[in-house]
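Top line first, the protein sequences correspond to chains A and F. Residues 418 to 630, numbered by our numbering, are exactly what the first sequence covers, in order. Residues 21 to 453, numbered by our numbering, are exactly what the second sequence covers, in order. Here's the structure, in structure tokens; my notes come after.
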Amino acid sequence: MQAVPTAQQVGDPCLDGCRAGRPEAIAELFRAHREMVERLVGRLVGPSPDLEDLVQSTFVEVIRNISRFRGEAKPSTWICGIAVHIVQHHLRAGKVRRNVPLELVLGDTLRAQSAVVDPRQNAEQEIDGGKVTAKLYALMDRITAKKRVALLLYVMEDRSVEEIAALMRATQPATRSRLYFARRELRKLIANDSDLRDWARTLFSGRREEAET
Amino acid sequence: MTCRMVQRQFLDITRQSATDALRLEVESHVQDCATCAAEGLHWKLVGLVRQHPTARLDAAAEGRIIRQVVSSAVVPDTARRRSMRRRPAVAIAGVSMLALAGVAVFVVGRRVRPDETAIGGASIGSAVGDRFGDPFGRQSAAHPGAAGAPVIDAVTEGQVVDAAEPGLVSFGGAEVRYRSGTRMSLHPAQRLLTLSSGEVDVEVTPGRPGRFRVTTERFIVEVLGTRFSVTPNRVRTVQGKVHVLDAHVLDGQQRELAVLGPGDAWDAPTDGAAPSPLPSLTEERGVGALLSPPPARPGAGRDATRAPGADVLTRSRAALARGEARQARGLAQGALASGKASGQVASFELLVADSLLVEKRIDDAIDGYRRVVRRNPRAAEAETAQFTIGQLLFERGAIVAATAALNDYLARYPVGRFVREAREDLIQLRSMK
């Protein structure tokens, strides 16, 4: 997991500056936590044209509520909580986002990034990586926001159940329950999707057969 | 290990938190079990997505977001004035359109939104027009406490504040900033502030039951959720919508003196004069003058070169400014039908839509604005119309349609006059979904 700035790194003067509405302090806070928020939001919503808006909404909320931050947790934890909340709102709304065509979502940027990350991959696999991501997130739209966010925080962000419970303001048993049902639902969704089944077979069975031969 | 137990482990194997022993056990089971093997492949797909990079924002986005976040914090009054000066003063037609948009916003008013924020219930409303500046003891954008002014947290019923210096008091879901010399009494249970002298800026958080009221000797300001300032003789709305009621009850009824939209101000009539039945829109903002075309520069204006419908347009706008929507519409429609509107079709059509809005025929007005956009896509009026459509749909609670309209506005006019407002509205819309 990527290291995030601690309260000491961000510094009380920065937080005080944000409380006072000083632009330079706000910019400092944003730069310190931008990557973390960007990655978290990106993981939770998937490839989406709303990423910028969601990151922005998160920081708008952070600044608006910074006077309520008591310093009992790290600023990064508190900001993550806000980001999770914003994403849940966004996912609950859903309708507009679900109408975004995949062609738009799978923009050149994303494709370029997948190509940069692993240049050894052949062209077919590059496309499949992007396609699988888009398809999987599209399927996850059918899972309720609470369950989806809990699952993604667990699987993609490596958060513990305790952390997820704190971020989502839920109890640990409730979080475990959400994880259980989300896993079950996702399993069914993938199993019922012929594309994903084929891709899984092509990507992994093929490799195994090649290795065996 | 049973299939059920194995399938439970896939999640931990995917996130690579399973122990080696467990992983080997699962793998050996999978080799003999087709069902678990198939599911294992599916979870490998999830693992693939896990390794896939998330989308990243570009460098330009960082600048945009910082600007937006900073502007969502309190904007000092001086900064706002500077930004106002930078606006293109030469855009005379633009000013007229802004005035028309002002009329539109005035009539419909800003919506009162439910508690929509993710954290704490603070409004995600526009920071435009936030004017809690120097008069309230701020040296910068800081809140009064930061400027050394007192902050009253615990308020008792009927507490009287006689302020020698500016400060802040929170009660009844409202933040009240007062300037020095303010005398007021506070009634949290009734969500009531009685102002005797001085000036207060009030920011009311929507979502609480009952209306927040500020009473003066002469009038009462009633509000659900907004930001406004009050002196004993004057009300000025920064954001949202307020009702100004007569302080004196006549025939068992409290007369409504004005309804103020964002940026509107209302002055209590001087002693002896009858209270104005209409908001001081025309008096305060000179909307009548703004609606009319500006006076021609010496030597520049030639009656002979004026468009044939210019006079009609002037009269229509004047009528609309007087609140005579029907007459204004009649004149505009007459000009459109007779061909006098040549070259000014967009202005006339916009005026027709505005007149419908003044009559609170919202659906018809939206149709009218859509007509302006459709028929005059390149006219300046189309921009105003497109933004107004988004605003009206927002007012009506048509969240999806409003989002689409405002997105459409931003796509068409990325550097338009209402970009900031549109983006702020979109943020609010998202939080309301």
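Backbone N, C-alpha and C define an ideal beta-carbon position, used for all residues, glycine too.
- Secondary structure note for Glu441/A: its alpha helix (DSSP H) is the uninterrupted segment Pro440 to Val462.
- The beta carbon of Leu556/A sits no closer than 8 angstroms to any beta carbon of chain F.
- DSSP places Thr55/F in no beta strand (DSSP E) but in the uninterrupted alpha helix (DSSP H) bounded by Ala54 to Gln71.
- Among the residues of chain F, those whose CB is under 7 angstroms from the CB of Phe621/A are Leu61 and Lys64, following chain order.
- The beta-carbon distance between Ile86/F and Ala444/A, rounded to whole angstroms, is 5 angstroms. This is short enough to meet the 8 angstroms contact definition.
- Counted as a single uninterrupted DSSP element, the stretch harbouring Met204/F is not any alpha helix (DSSP H) but the beta strand (DSSP E) occupying residues Arg203 to His207.
- In this structure, the alpha-carbon of Gln210/F lies about 30 angstroms from that of Ala93/F.
- Exclusion of the five residues before and after Glu177/F leaves His207, Pro208 and Ala209 as the residues of its chain whose Cβ lies within less than 7 angstroms of its Cβ.
- By alpha-carbon distance to Arg398/F, the top candidate from Val243/F, Ala366/F and Val435/F is Ala366/F.
- Closer than 8 angstroms to the CB of Ala608/A there is at least one CB belonging to chain F.
- Scanning chain A for C-beta atoms nearer than 7 angstroms to the C-beta of Arg70/F yields Val572 and Met573, reported in chain order.
- Straight-line measurement puts the Cα of Arg618/A at about 19 angstroms from the Cα of Val46/F.
- Within chain A, no residue has its beta carbon less than 8 angstroms from that of Ile172/F; the closest one is some 15 angstroms off.
- For Gly459/A, the closest Cβ of chain F is nearer than 8 angstroms.
- The beta carbon of Ile85/F sits closer than 8 angstroms to some beta carbon of chain A.
- At least one CB of chain A lies nearer than 8 angstroms to the CB of Val90/F.
- Taking C-beta atoms under 8 angstroms as the contact rule, Ala194/F and Val224/F qualify, at a distance of about 5 angstroms.
- Residues of chain A whose Cβ lies closer than 7 angstroms to the Cβ of Ala288/F do not exist, since the nearest Cβ in that chain is about 33 angstroms away.
- Contact of Leu77/F with chain A is assigned, a C-beta pair being separated by under 8 angstroms.
- For the 8 angstroms CB-CB criterion, Val180/F and Val189/F do not form a contact.
- In this structure, the straight-line span from the alpha carbon of Ser217/F to that of Asp266/F is close to 18 angstroms.
- Of all residues in the segment 472 to 496 of chain A, only Val472, Gln473, Ser474, Phe476, Val477, Glu478, Ile480, Arg481, Asn482 and Arg485 come within less than 7 angstroms of chain F when Cβ atoms are compared, listed by chain position.
- Around the Cβ of Arg487/A, a 10 Å sphere holds fewer than 16 other Cβ atoms; the residue is exposed.
- In terms of Cα proximity to Gly83/F, the closest of Glu489/A, Met453/A, Phe447/A and Glu455/A is Phe447/A.
- The way I'd put it, the segment 488 to 500 of chain A does touch the segment 466 to 479 of chain A; three or more beta-carbon pairs between them come closer than 8 angstroms.
- In this model, Ser451/F and Ser358/F are separated by some 47 angstroms (Cα to Cα).
- When rounded, the separation of the alpha-carbon atoms in Val332/F and Ala348/F is 9 angstroms.
- Taking each of Val439/F, Phe30/F, Pro73/F and Ile386/F in turn and checking the Cα distance to Leu61/F, the smallest one comes out for Phe30/F.
- If the five residues before and after Phe191/F are omitted, its C-beta is found closer than 7 angstroms to the C-beta atoms of Val175, Leu206 and Pro208, all from its own chain and listed in chain order.
- In its own chain, leaving out the 5 sequence neighbours on each side, no residue places its CB closer than 6 angstroms to the CB of Gly350/F.
- For Tyr198/F, the enclosing beta strand (DSSP E) begins and ends at Ala194 to Tyr198.
- With distances taken between CA atoms, Leu508/A lies nearest to Ala562/A out of Ala562/A, Thr592/A, Arg586/A and Asn482/A.
- By the Cβ neighbour-count rule, Ala80/F is exposed, with fewer than 16 other Cβ atoms within 10 Å of its own.
- By the Cβ neighbour-count rule, Arg24/F is exposed, with fewer than 16 other Cβ atoms within 10 Å of its own.
- Ile172/F has its alpha-carbon roughly 32 angstroms from the corresponding atom of Leu277/F.
- According to DSSP, Ser190/F shares a beta bridge with Glu195/F.
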